[in-house]
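Peer 1: Next up is a structure, given as structure tokens.
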Amino acid sequence: MSVDAEHWERWIAKLLGILAADAPDQLAWAGEHGVKSAPLVEDVDFVLHLAEGMQERGTLAPQVQCDLRAISRLLDEADVLGRAGPWAGSLTTEPAWSGVRTLARRILVAREGDWRRPLPHRVPPQDIYD
């Protein structure tokens, strides 16, 4: 497996799968794993960095990079990173997540033909972010 394919599967596709999931599934998953908003936004920034390298090597479509930047902008404008607390709370109060969901779905459909992916069974313990 190429490094780019590994990055796609290990980081980008998994995160996009979470961001693309239906809101009730996101709420259940976020609650089950105790995911906080700030680390999720930091993961978006990390994925954007990985994607930039992939695009430079010609292994990621420019539209994907554009959509990832748009996701980052939506989250920046909503100042999700500046808000502490569980992602489940942010999901119900912050309209930006709907736009993020739409963009994540578009990326997955363009790359894989479908946006539905199983949500990960495990996330890193939150204390590594605190």
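Residues 4 to 133 (my numbering) make up the sequence shown, in order.
Cβ atoms here follow ideal geometry from the backbone N, Cα and C, with glycine treated the same way.
1) Measuring only the C-alpha atoms, how far is Arg119 from Ile110?
2) Can you tell me whether DSSP reads Pro121 as helix, strand or coil?
3) Just how far apart, CA to CA, sit Asp25 and Trp100?
4) Strictly by DSSP, which residues pair up with Pro89?
5) Can you tell which of Gly37, Gln29, Gly56 and Ala16 has the C-alpha that lies nearest to the C-alpha of Val112?
6) Which first and last residues belong to the alpha helix (DSSP H) in which Asp7 is found?
7) When we look at the beta-carbon of Gln29 and count the other beta-carbons within 10 Å, is it buried (16 or more) or exposed?
8) Between the alpha carbons of Val83 and Gln66, how many angstroms are there, rounded?
9) Taking the Cβ atom as the reference point for each residue, do Val47 and Ser75 lie within a distance shorter than 9 Å?
10) May I ask you to verify whether the region 89-98 touches the region 47-59, counting CB pairs closer than 8 Å and requiring at least 3?
11) Take the Cβ of Gly20 as the centre, count every other Cβ of all protein chains shown within 10 Å, and call the residue buried at 16 or more, exposed below.
Peer 2: Taking the coordinates as given:
1) Whole-angstrom Cα-Cα distance: 11 Å.
2) Three-state result, Pro121: coil.
3) One C-alpha to the other measures close to 11 Å.
4) Lys39.
5) Out of Gly37, Gln29, Gly56 and Ala16, Ala16 has the C-alpha closest to the C-alpha of Val112.
6) Here the alpha helix (DSSP H) through Asp7 covers Val6 to His10.
7) Burial call: buried.
8) Going from the Cα of Val83 to the Cα of Gln66 covers about 24 Å.
9) Taking 9 Å as the Cβ cut-off, Val47 and Ser75 qualify as a contacting pair.
10) Result no; under three Cβ-Cβ pairs closer than 8 Å.
11) Flag for Gly20 reads buried.
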